[in-house]
Amino acid sequence: MREALGAALGGGLVWTTLACGGAGGLVGGGSEGAQSLCKHLQQETECPCVSLGAGSRATIDGIEVQVDVVKTWEGLSSLPEITNLDERNLMKKVGNHALVLELTYTNTKPVKSGVDFSAYIMDGDGEGRVVQPYNSKVYSKGKEGWIDLWDDDDIGPNKTRKAAFVYAVPKSAVEGSKLVLRKNVKRPDPKDPRGRMKYFAEELFVLDLGPPT
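Heads up: the sequence shown begins at 77 in my numbering, then just goes up one per residue.
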């Protein structure tokens, strides 16, 4: 979840990606747009990508992700709720128009785990949109047991928790938006003569979101 802040599923199938560097190419289904974006990301990152239609589930880093609700929402762009200036300015830029995803996360691992992958949106205009944390916190307020973007992203073994992400997306760019899930790992860059560390994509998904409710 902290990575999501810093970068930040058709058919009901559950998919997992191959490890980067392994055999295999583009996998999955979904819309032509989702497959095209997945192909682009795969070429860019040299990491196998899975594209999925709306309503599917994806398992990334041992966490099963299900998008339950896609909706528009009037975001906030003022104090005292939104203390980050960049977030206030971005929400104002899109007319306080937000796209909200309500998700279910299920930990399939035998031990407690945090959420260590990013979840960003590629909107209908092809612009990347990262999570707006303060608006997400406001939206989730009062929802008992939901994942807290700052302090509480742990999920027990074989347990499920809900979460909500808010993205600043202009009204004209909502249609055709897709969710990108990306798990990164840090390792030496083989192309760097000094062997400096760099983040590489290890798992990639592109998921159609379908029309908002």
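All C-beta atoms, glycine included, are put in the ideal place defined by N, C-alpha and C.
For this session: For the region 184-192 and the region 151-161, state whether three or more C-beta atom pairs, one from each stretch, are separated by less than 8 Å.
Result: no
Exercise. Going by beta carbon distance, what residues of the same chain come within less than 6 Å of Asp-230, once the five residues before and after it are set aside?
Worked result: Lys-188 and Gly-190
For this session: Compare the Cα-Cα distances from Phe-276 to each of Pro-287, Asp-284 and Arg-263 and report the closest residue.
Result: Arg-263
For this session: Let me know if His-173 comes out buried or exposed under the rule of 16 or more other beta-carbons within 10 Å of its beta-carbon.
Result: buried
Problem set entry | DSSP beta-bridge partners of Trp-149 | Ala-174
Problem set entry | Separation of Arg-272 from Val-261, as counted between CA atoms | 14 Å
Exercise. What does DSSP give as the partner residues of Trp-189 in its beta bridges?
Worked result: It should be pointed out that residue 189 corresponds to Ser in this sequence rather than to Trp. BP columns for Ser-189 point to Ile-231.
Exercise. In whole angstroms, what separates the C-alpha of Glu-279 from that of Val-126?
Worked result: 9 Å
Exercise. Which of helix, strand or coil does DSSP assign to Gly-131?
Worked result: coil
For this session: Kindly give me the distance between the Cβ atoms of Val-256 and Val-170, rounded to whole angstroms, as I take these residues to be in contact under 8 Å.
Result: The pair is not a contact, with the Cβ atoms about 19 Å apart (cut-off 8 Å).
Problem set entry | Alpha-carbon to alpha-carbon, Phe-281 and Ile-136 | 8 Å
Exercise. Would you call the CB atoms of Ala-130 and Glu-178 closer than 9 Å?
Worked result: no
Exercise. According to DSSP, is Val-141 helix, strand or coil?
Worked result: strand
Exercise. How many Å lie between Asp-201 and Glu-220 at the Cα?
Worked result: 35 Å
Exercise. From which residue to which residue does the beta strand (DSSP E) around Glu-279 run?
Worked result: 273-284
Exercise. Are the beta-carbon atoms of Val-206 and Val-176 separated by less than 9 Å?
Worked result: no
For this session: Could you check what DSSP says for Thr-159 in three-state terms: helix, strand or coil?
Result: coil
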